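Data first, discussion second: the structure below is written as structure tokens.
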Amino acid sequence: MLVQLEDLRKEFGKVRALAGVSFKVEAGEWIAIMGPSGSGKTTLINILGGLDTPTAGQAIVDGVDVARLDESGLTRFRAQKIGFIFQQFHLVPYLTAVENVMLAQYFHSTTDEKEAQLALERVGLGDRIEHLPGALSGGEQQRVAVARALINHPKLILADEPTGNLDEANEETVIQLFRELHIEGHTILMVTHDPAIGNLADRRIEFAHGRLVKITPPHDASRNAYR
Amino acid sequence: MFWRLLWKLLRGSAGRLVVAILALVSCAMVVSALLNLEFDIERKLTQEFRTLGANLLISPRNAQITGSSPAEVMSESEVSAAIQSLRDPNVVAAAPFLYLVGSAQNTPVVIAGTNLEELPKLEPAWRIEGEWQPSQAQQNACLVGRNVAEQLKLAVGSSLKLTYLKKNVQLKADGIIDAGGAEDNQVFLELAEVQDLAGLPGQISFAQLSVSGTTAAISHYAERLASTLPAYEVKPIRQITEAEGDLLGRIRLLIVSMIVLISVLTALCVLGTMAALAMERRQDVGLMKALGGSIGHIVTLFMAEVGVLGAAGGLIGAILGLELSRWMGQRVFGQAISARWEIFPCTIILMVAIALAGALPLRLLGKVKPAIIFRGP
Amino acid sequence: MFGRLVKESLVRNPRRKLLTAAALVVGMAVATSTLSIALEVGDRLAREFRSLGANLLVTPQSDTLPVEIGGVDYRPVNEGAYLSEADLGKLKTIFWRHNVLGFTPFLDVPISIQQSENTAPARTMLIGTWNAKEVPVPDGTTFKTGVSVTHPWWKIRGRWFRDGAKECVIGAALAQTMTGIVLGKVIYVRNETAGDSAQDRSTRAKGTPLEVVGIVSTDDAEDKAVLAPLEIAQDISAHPGKFRQLFVSALTKPADAFSERDPLKMTPTEYDRWFCSPYISSIAFQIKTVLPGTEVRAIRRVADTEGNILSRVGTLLWIVTLTALIAAALAVAATSATTVLERRGEVGVMKALGATNTLVAGIFLAEQLLLAMAGASLGFVLGALLARSLGSSIFGTPASPRLILFPMVLGLAAIVAFTGSLIPLRRAAHFNPAPILRGE
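Structure (structure tokens):
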């Protein structure tokens, strides 16, 4: 079991973002986290990714209780175990594609430009290595972000609406990438609004008002639509 | 990777950095120009004060009131030897004086024997009419005060006969002095002539010096000189030295205060600019933290960026500032102020310090949780 | 609506505004304080320079040659020309009367002094002058003046003589050579070169008694003389109401090529300009006009030094001020530019909502100008306080704030904030709002 949440709570002052969430994730699963905005999805992802700390409860990722980690512990955790993919890509605008990937290497251990180049080739951007984000389309930028997320061989991939800012064509390319990652055995937790994407996942976890309200396996028909 | 990152960081936000550099350069320029000025100002000002004339007097002790002949005299050679032996570069001029009351055209007139070449250096404020050059002091040359010239109807080039007791001497008025004081009523000749007239070879009434420097420096020199001339009195001329000391002090205080004021305030401006720059980096800081960058790592990176900016601004500013101070010296004193190389390290270090101080908010950013950054406004 | 938009813009995100405002306050404080000092300093320093003593000398025009060594005139009293003491009040009626800080007449008489009937007489000089004389001025007021103004470096042990009293002070060197001279002792003075009239003979016989009330130290020829009220000297020399030379201490403006020209050769406009400037030549001219039969000359070593240094320090201060102003302006412009750049997001939103470039620019500029006004006002107060305390510590008395600077500083701040914001705003005008809104 890779991820185990036990009665996880998060409060921002009077606002209860998470009101006691418990579930488990096996290694290699693709989980879709869905629900209306304000339901706590992003908060959950942030906690799992070590970007935020819970108010109460346990969040064990690869044997480490994230809730118990201090600042530097969280930093190490993020560098070693997590690959984050954001809706807004968040590439550093003045670094090239390969440098953006190397940035993640830099904070982990040492940089290896060759390896970074290979990672970019893996996501189909072998000919865009020296491009700045400004010269890449939305989809290409997100793919760089994926390469960046993967470079340190993380245990867990966290994606927050990864196709939210993309047009249809680019969306397809990126989702295809995720499908490949899934087949390769990566564990993916993805926040999404799109039910079609949700159906691609192994399980769908639905949130409302900071609580887990439904866990469903995907609908077979939709899954086939994306073949 | 660190240097690559640093370089990209600097190149990447060139637009906004130009603005920060501008603030740094202008501050550095002002500070370095003023600092360079400050080092030189005392010397330049004390030189200006020498227009006041003689400020040190060597005289016999307890001299009685002078009547028509000098009651007390000193040895000329002793005094000049003492001055020579000290060889102080701050002595702008030194001249001996021997006074008699003689007559010309049956009018009593004060005759002063001195070193005519030193006289204009001793009293630069005196206006001397006539194309008289001190270096070409010929025999029988004399300078007459303007009242003397008026009374005796003398012009430049007129001949003049002076009488003392039974002796006469024939002279040519090579120049007319306008001093606005007792000297306007006197006639100046070469010392040897007057010693001859008075029958006092090698004797003088007193000696006057013009010494450049602060009140303390002048007193110190007076003490040293006094120790070599125990028989005589060596005193600063109070009217001059007191006022000069006080004025010099006030002017220096004024300039130093202006310098400190301006430097502190421009530094504060720069501080603001750097803080604004630091704020801009928040997004990048958040991202790097999300990627697993440690606080130490990130803060070092951005502090290095700020430090480089400070150093660059300091260097450019120092170069401009030295040029500025050179120009200022020319406009104000008519002579260039020498550039001191110490200004460079001083300014650069100062600007780096200011830049780092301004970027201090970055350290606080180290504490901020990355999630908050992404939540956005 | 525009006003509302500006207000909304101003009120949002106060922290960022704080930075611009801070830079403005500090920058304008620099401007105010340096300008205040530059304006004030000329006057203040000129006043300080009066510690050098008199800068003008007034003597009779048609005179015989003074036999002067070290400022003491050894001529017999019956020789040479005199000036009238009664005329001196007119010095406070000239155009530049407020610049005439003081004046002192001198009358020197060769005397012999005796401590008592039986002691040997010593020959010396009596210098008649004023210490703290109340001079009647034609407009009905009196003006107090004397050696303390024209010869401030003279130091007195004991006290100075009172106006018109039978008192005197003895020069330090003379006091040393005369044994038995103490404060309170009475000495008898006699005119050494008096004539043979009955009055002269009787004065000579008795001698005028003067009480020694102080010992003066001047470091010059006066140290070997006796100083007494002018009346005493006039009495002894039998020249009532007269004096030989007058020292004047006046506040002047540094001389330049213009001031040294011959007034008779000036055009009426030039003459007016010269007359109405406190040049030493102009003040000398005005004194000569009210005191007929006099020669008025600048005491070169004092006047020239003062002029040189004042003009140099003045130039220096103005240059320094200018540099400071430029630096402050640059820093303020920089901060303005930075904050405008930061807010590209807002610009994007406004444009996406359909605002024209002009409107966007208008809102930002209005906001920056308002900030500039507020910052400049606070900066002005701060700068004025700084200049005041600086003036206090250097010159002893605080400078009065120059209110004329306020609109100048406001104007400067406005211009600088305006130009600083303009460049980034022009670039902002070309922003494509879409990528900004997408959050890139």
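Protein chains in written order, with this note's numbering: chain A, 1 to 227; chain B, 1 to 377; chain C, 1 to 440.
Ideal Cβ positions, reconstructed from N, Cα and C, are used throughout, including at glycine.
A quick note: this is a predicted structure, and the numbers were derived from the prediction, not measured.
Neighbour flag for residue i against chain A, beta carbons, 8 Å
i: residue 291 of chain B; result: yes
i: residue 18 of chain B; result: no
i: residue 6 of chain B; result: no
i: residue 12 of chain B; result: yes
i: residue 303 of chain B; result: no
i: residue 287 of chain B; result: yes
i: residue 9 of chain B; result: yes
i: residue 325 of chain B; result: no
i: residue 1 of chain B; result: yes
i: residue 284 of chain B; result: yes
i: residue 32 of chain B; result: no
Residue i (DSSP reduced to helix, strand or coil)
i: residue 66 of chain B; result: For residue 66 of chain B, the predicted structure reports a pLDDT of 46, less than 50, and the residue's modelled location is therefore unreliable. A value from the coordinates is still provided. Here residue 66 of chain B sits in coil by DSSP.
i: residue 350 of chain C; result: helix
i: residue 115 of chain C; result: coil
i: residue 60 of chain C; result: strand
i: residue 357 of chain B; result: helix
i: residue 188 of chain B; result: strand
i: residue 4 of chain B; result: helix
i: residue 142 of chain A; result: helix
i: residue 221 of chain A; result: Residue confidence for residue 221 of chain A is low, a pLDDT of 42 falling below 50, so the modelled location carries little weight; the figure read from the coordinates is stated next. Residue state, collapsed to three classes: helix.
i: residue 27 of chain C; result: helix
i: residue 88 of chain A; result: coil
i: residue 133 of chain C; result: strand
i: residue 203 of chain B; result: strand
i: residue 178 of chain B; result: strand
i: residue 210 of chain B; result: strand
i: residue 161 of chain C; result: coil
i: residue 66 of chain C; result: coil
Residues that DSSP places opposite residue i in a beta bridge
i: residue 206 of chain A; result: A:34 and A:214
i: residue 279 of chain C; result: C:253
i: residue 159 of chain B; result: B:172
i: residue 125 of chain C; result: C:110
i: residue 217 of chain C; result: C:155
i: residue 190 of chain A; result: A:32 and A:159
i: residue 233 of chain B; result: B:59
i: residue 84 of chain C; result: C:242
Cβ of residue i within 8 Å of any chain C Cβ
i: residue 211 of chain B; result: no
i: residue 216 of chain B; result: no
i: residue 185 of chain B; result: yes
i: residue 106 of chain B; result: no
i: residue 39 of chain B; result: no
i: residue 261 of chain B; result: yes
Below-8 Å beta-carbon distance, residue i vs any chain B residue
i: residue 16 of chain A; result: no
i: residue 67 of chain C; result: yes
i: residue 247 of chain C; result: no
i: residue 72 of chain A; result: yes
i: residue 309 of chain C; result: yes
i: residue 339 of chain C; result: yes
i: residue 5 of chain A; result: no
Ignoring anything shorter than 3 residues or poking outside the segment 250 to 317 of chain B, list the beta strand (DSSP E) runs there in chain order.
With a minimum length of 3 residues, no continuous beta strand (DSSP E) run stays inside the segment 250 to 317 of chain B.
Is it a yes or a no for the segment 19 to 39 of chain A touching the segment 201 to 210 of chain A, going by three-plus beta-carbon pairs under 8 Å?
Under the Cβ criterion (8 Å, minimum of three pairs), the segment 19 to 39 of chain A counts as touching the segment 201 to 210 of chain A.
Complete alpha helix (DSSP H) runs within the segment 123 to 148 of chain B (minimum length 4 residues, chain order):
Taking only runs of at least 4 residues, no alpha helix (DSSP H) segment lies wholly in the segment 123 to 148 of chain B.
Any contact between the segment 279 to 299 of chain C and the segment 328 to 343 of chain C? By contact I mean 3 or more CB pairs, one from each, below 8 Å.
The segment 279 to 299 of chain C makes no contact with the segment 328 to 343 of chain C; the number of CB pairs closer than 8 Å stays below 3.
Could you tell me which whole beta strand (DSSP E) segments of length 3 or greater appear in the segment 4 to 69 of chain A?
As far as the segment 4 to 69 of chain A is concerned, its whole beta strand (DSSP E) runs of at least 3 residues are 15 to 25, 30 to 34 and 56 to 61.
Report yes or no: do the segment 2 to 21 of chain B and the segment 236 to 249 of chain B share at least 3 C-beta pairs separated by less than 8 Å?
Fewer than three Cβ pairs drawn from the segment 2 to 21 of chain B and the segment 236 to 249 of chain B lie within less than 8 Å of each other, which leaves the two stretches out of contact.
Is the segment 116 to 132 of chain C close to the segment 232 to 241 of chain C, with three or more CB pairs under 8 Å?
They touch, by the three-pair rule.
Counting pairs of Cβ atoms below 8 Å between the segment 34 to 53 of chain C and the segment 215 to 228 of chain C, do you hit three or more?
Taking 8 Å as the limit for Cβ pairs, the verdict is that the segment 215 to 228 of chain C does not touch the segment 34 to 53 of chain C.
Segment contact, 8 Å Cβ cut-off, at least three pairs: the segment 71 to 89 of chain A with the segment 269 to 285 of chain B
Segment contact: the segment 71 to 89 of chain A against the segment 269 to 285 of chain B, fewer than three CB-CB distances shorter than 8 Å; contact not assigned.
Counting beta carbon pairs with one atom in the segment 64 to 75 of chain C and one in the segment 296 to 313 of chain C, are three or more of them shorter than 8 Å?
Segments in contact, no.
So does the segment 78 to 85 of chain A actually touch the segment 141 to 152 of chain A, counting three or more Cβ pairs closer than 8 Å?
Proximity of the segment 78 to 85 of chain A to the segment 141 to 152 of chain A meets the contact definition, three or more beta-carbon pairs being nearer than 8 Å.
Report the start-end ranges of each beta strand (DSSP E) in the segment 270 to 317 of chain C that is 3 residues or longer and not cut off at the edges.
The qualifying runs are 294 to 298.
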